[in-house]
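If you're matching them up, the sequences are chains A and B in order. Numbered according to my numbering, the first sequence spans residues 11 to 439. Numbered according to my numbering, the second sequence spans residues 390 to 535. The C-beta atom is built at its ideal place from N, Cα and C for all residues, glycine as well. First comes the structure, then the notes that go with it.
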Amino acid sequence: MSSTAAPLTEAELAAIRSDFPQLGEIVQGHPLVYLDSGATSLKPRQVLDAERRFAETRTAAVHRGAHTLAAEATEDYEDARMRVARFIGARDDELVWTSNATEAVNLVAHAIGNASLGRGGAAAERFRLGPGDEIVATEQEHHANLIPWQELAARTGATFRWIRTHDDGTLDLGHAAEVIGERTRIVAFSHVSNVVGLENPVAELVALARAAGALVLLDACQSAPHVPLDVKALDVDFAVLSGHKMLAPTGIGALYGRRELLRDLPPFLTGGSMITTVTMEGADFLPPPQRFEAGTQRISQAVAFAAAVDYLDAVGMERIAAHEAALGARLAARLAEQPDVRLIGPADSPHRVGLAAFTIGTVHAHDVGQLLDEQGIAVRVGHHCAQPLHRRLGVTATARASAYLYTTPAEVDALVDGLDAVRRVFGGR
Amino acid sequence: MTTDTGLYQELILEHDRERHGHGLRDGGAAESHQRNPVCGDEVLLRLHVADGRVADISWQGSGCAISMASASVLHDVVVGLSLDELGERIELFREAMRSKGRQPIDEDLFGDAVALSGVSKFPARVKCALLSWMAAEHALDSVRAA
Ligand SMILES: Cc1ncc(COP(=O)(O)O)c(C=O)c1O
């Protein structure tokens with residue numbers, strides 16, 4: 011991504027790296043070169059400490075009970091919500107905790123499904139789907155932002171359609187303009203594809219959706235950790251993120267929803283903590299965000315998520331984006347200059363984040379990953395939960411290197427140079 | 390060339406290139422399609438039986454060097470065995486693969502498959518080595534059920 015902020019200096023980078031204990035690990039006799047942050051990020055001490063501190067001193071259920079610790083825990087939990095909401099430009103009552111992005115997409119899809127069955131009354135009528143309505147996603151999507159929509163279409167009788175990609179995996183905007191039309195009710199797409207690694211033209215897609223009167227859900231899993239994100243400026247209706255990809259622990263994610271939409275949306279999961287009055291005949295529900303947080307919540311994880319965004323804010327998202335844009339450009343350029351490497355996506359795009367997928371010769375990605383692992387280099391191999399995109403690209407699997415704020419240019423070089431081991435074993439296949 | 394870990398033995402690379410038994414042939418007694426959803430590796434395998442013995446293993450598939458070499462080795466090891474012996478051999482191979490390196494592969498019984506011994510030390514790759522053997526087991530089950 012192009013950015014005007016200054017990239018991190020060597021001294022700043024060294025200071026950041028010293029916050030991440032796992033960077034000191036030795037793998038297969040080599041210092042770890044972690045290039046799999048797109049799958050999950052490493053965690054800084056500050057986040058681990060925040061989670062531990064909370065567990066050691068504030069363990070109590072939130073929104074239940076009147077004792078001092080319960081009140082303090084509730085305050086920490088709600089404070090965490092406010093900090094994560096602000097990090098993405100949202101108001102605190104617009105942020106719902108989920109276990110991850112997958113659950114967040116499912117929450118929206120199931121809530122709309124419930125509205126389509128008449129739940130939520132007249133207020134939820136605007137969400138009702140049925141035959142003749144269309145849900146649109148893209149061929150680029152992670153399965154998490156694909157299958158819930160296919161399933162919602164199957165449950166409601168709506169039609170599922172998708173925006174094609176070009177041969178290089180980038181979105182075909184011409185096709186988007188054909189697919190999105192007056193029948194379109196929902197448009198779901200990723201801000202940054204976890205395989206192509208480019209920031210998608212959100213404004214153009216939102217404009218098409220708005221013209222059609224459709225709701226927009228943005229999968230911000232691969233953008234929120236890496237570039238400044240402002241859901242209001244992007245004018246999306248929903249956005250989903252996973253904490254574990256942005257320095258927080260596993261088990262916590264978030265759904266952003268515009269206030270007036272969350273207000274009218276019926277719940278997905280039901281049970282304790284999301285109700286006002288319950289009788290044997292039925293229940294009344296709390297306003298959002300609690301309407302969507304049934305059951306005992308991930309409290310220490312939410313607190314740690316807030317510590318994670320504080321850490322990112324302290325470094326500065328503009329500068330992190332600039333650092334990663336430089337790494338991504340180096341990664342793409344160096345991979346593209348290898349005659350036996352096929353880089354997915356354009357080599358010189360200003361929209362690339364610090365992520366690149368590739369194949370080398372006809373060697374299977376699994377074997378590539380193994381031979382890199384022998385050198386202590388961790389990359390992801392496979393279809394990265396994007397089978398349709400891989401099919402479109404004509405490959406079954408790719409290797410993917412992904413950077414983060416702690417990644418160095420030397421690590422990018424280690425990956426590209428490390429491909430020589432693949433050539434040695436497979437003899438230029 | 391052998392790498393540090395012994396995973397990519399020359400013999401494995403040779404089998405990956407040569408793929409013994411590759412190509413589907415007519416007249417199988419049963420077939421099985423196995424897929425590893427993690428990496429998309431797949432094998433479609435046919436078990437050919439004559440006089441109660443494995444007459445041929447014909448297969449096609451795509452995947453990593455380990456999964457393709459293992460299918461090639463499977464073909465070499467089991468053609469000619471009785472169906473009971475086939476079942477036993479699959480069971481032994483599975484045990485060896487899941488032994489985390491503790492149970493070596495018997496060269497007399499397994500021929501070139503010994504080159505796959507190192508795989509058992511890589512839990513993430515055991516599935517690759519087992520893919521075609523699982524297909525053979527499913528095909529065997531179908532033959533026995535018929
Ligand atoms: C673009 C994208 N969307 C969605 C997801 C799903 O995230 P999670 O598995 O944490 O729910 C991922 C992560 O794998 C992703 O990269």
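query	result
Would you verify that the beta carbon of Gly-452 (chain B) is, or is not, closer than 8 Å to some beta carbon of chain A?	yes
Report the start-end ranges of each beta strand (DSSP E) in the region 341-387 of chain A that is 3 residues or longer and not cut off at the edges.	351-353, 365-370
In this structure, how does DSSP classify Tyr-397 (chain B) when only helix, strand and coil are distinguished?	coil
So if DSSP puts Val-237 (chain A) in a beta bridge, which residue, or which two residues, is it bridged to?	According to DSSP, Val-237 (chain A) bridges with nothing at all.
Within 7 Å: the Cβ of Ser-252 (chain A) and any heavy atom of ligand 1?	yes
Check whether the Cβ atoms of Asp-245 (chain A) and Ala-111 (chain A) lie closer than 8 Å to each other.	no
For Ala-528 (chain B), which of helix, strand or coil comes out of DSSP?	helix
What are the boundary residues of the alpha helix (DSSP H) that includes Phe-436 (chain A)?	419-436
Using a Cβ-Cβ cut-off of less than 8 Å, list which residues of the region 468-487 of chain B approach chain A; keep chain order.	none
For Ala-147 (chain A) and Arg-268 (chain A), what's the separation of their Cα atoms in angstroms?	20 Å
Which residue comes first and which comes last in the alpha helix (DSSP H) that contains Ser-461 (chain B)?	454-467
Is it buried or exposed, Leu-127 (chain A), if we count other Cβ atoms within 10 angstroms and call 16 or more buried?	exposed
Between Asp-377 (chain A) and chain B, is there a C-beta pair that is closer than 8 Å?	yes
Could you spell out the range, first to last residue, of the beta strand (DSSP E) harbouring Thr-148 (chain A)?	144-148
Does DSSP put Glu-192 (chain A) in a helix, in a strand, or in coil?	coil
Going along chain A in order, which residues have a C-beta closer than 7 Å to the C-beta of Val-427 (chain B)?	Gly-392
Could you please tell me which residues of the region 27-50 of chain A, in chain order, have their CB closer than 7 Å to any CB of chain B?	none
Rounded to a whole number of angstroms, what is the C-alpha to C-alpha distance between Phe-511 (chain B) and Asp-383 (chain A)?	11 Å
Using a Cβ-Cβ cut-off of 8 Å, state whether Met-11 (chain A) counts as contacting chain B.	Residue confidence is low: Met-11 (chain A) scores 49 on pLDDT, short of 50, so the model does not pin down where it sits. Its coordinate-derived value is still stated next. No, its Cβ sits nowhere closer than 8 Å to a Cβ of chain B.
Check whether the Cβ of Ala-234 (chain A) lies closer than 7 Å to any heavy atom of ligand 1, and answer yes or no.	no
So, is Gln-32 (chain A) buried or exposed, given that buried needs 16 or more other C-beta atoms within 10 angstroms?	exposed
So, at 8 Å on beta carbons, what are the nonlocal neighbours of Lys-489 (chain B) in its own chain, with the 5 sequence-adjacent residues on each side left out?	Ser-509, Lys-510, Pro-512
So, Arg-63 (chain A) versus Ile-145 (chain A), is the Cβ gap smaller than 8 Å?	no
Please list the partners that Thr-406 (chain A) has in chain B, where partner means a Cβ-to-Cβ separation under 9 Å.	Cys-428, Gly-429, Asp-430, Glu-431, Ser-451, Gly-452
What is the DSSP secondary structure of Leu-413 (chain B), reduced to helix, strand or coil?	coil
Should Lys-53 (chain A) go down as buried or exposed, given a rule of 16 or more other Cβ atoms within 10 Å for buried?	buried
In angstroms, rounded to a whole number, what distance separates the CA positions of Ala-100 (chain A) and Ala-81 (chain A)?	24 Å
Using only the alpha-carbon positions, how far apart do Leu-218 (chain A) and Val-202 (chain A) sit?	18 Å
Does the distance from the C-beta atom of Asp-178 (chain A) to that of Pro-356 (chain A) stay below 8 Å?	yes
Please state the DSSP three-state secondary structure of Met-11 (chain A).	Model confidence at Met-11 (chain A) stands at a pLDDT of 49, short of 50, so the residue's coordinates are unreliable; what they give is reported in the following sentence. Here Met-11 (chain A) sits in coil by DSSP.
What is the rounded straight-line gap between the Cα of Arg-138 (chain A) and the Cα of Asp-247 (chain A)?	16 Å
Taking all protein chains shown into account, do 16 or more other C-beta atoms lie within 10 angstroms of the C-beta of Gly-305 (chain A), making it buried, or fewer, making it exposed?	exposed
Might you give, ordered along the chain, the residues of its own chain that have their beta carbon closer than 7 Å to the beta carbon of Leu-251 (chain A), omitting 5 neighbours on each side?	Ala-111, Ala-230, Cys-231, Ala-234, Gly-263, Ala-264
Apart from the five residues just before and just after Ala-95 (chain A), which ones in its own chain have a Cβ nearer than 7 Å to its Cβ?	Arg-101, Asp-102, Glu-104, Leu-105
Of all the CB atoms in chain B, is at least one closer than 8 Å to the CB of Val-351 (chain A)?	no
By DSSP, does Ile-36 (chain A) sit in helix, in strand, or in coil?	strand
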